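>
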Amino acid sequence: PIIKFSVDWWNTLHQPASVFRLGGPTIDPSMLWPLAVMALGFTVLFFALHLMAMRTEIFRRRVTAMRRVAARQAERQ
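Residue numbers (our numbering): 650 to 726.
1. Do residue 676 and residue 686 have their beta-carbon atoms positioned less than 7 Å apart in this structure?
2. To the nearest angstrom, how far is the alpha carbon of residue 704 from that of residue 715?
3. Span of the alpha helix (DSSP H) holding residue 650?
4. Given a cut-off of 7 Å, decide if residue 681 and residue 674 are closer than it, judged by their beta-carbon atoms.
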C-alpha cells in the first residue's frame, strides 16, 4: 500500500491512478474499453483454465482409484 500511496503523494516519477479513481476514470475511452475487455477476457480465461485443471485432477484421481481396485482384484485371483 505504501508504494501506491507514495505515487499519489509525491507525483514525480509516475502518473496518479487513471482507471480506479473516486471521480471516475481519466483514461480515454478508446483505451479504457480495450483494457476492460482484455481484463474480462483474462479473468474468463483464468477461470476456464482453472476449471479444466480441476477436472483433469478429478479424472486423474478416478483413474488412480480404478487402477488400485483392479490391482486388488488381481491379487485376490
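Cβ coordinates follow ideal geometry from the N, Cα and C atoms, glycine included.
The model shown is predicted, which means the values in this text are computed figures rather than measured ones.
Inspection of the coordinates gives the following:
1. no
2. 17 Å
3. Premise fails: residue 650 is in no alpha helix (DSSP H) and is neither H nor E.
4. yes
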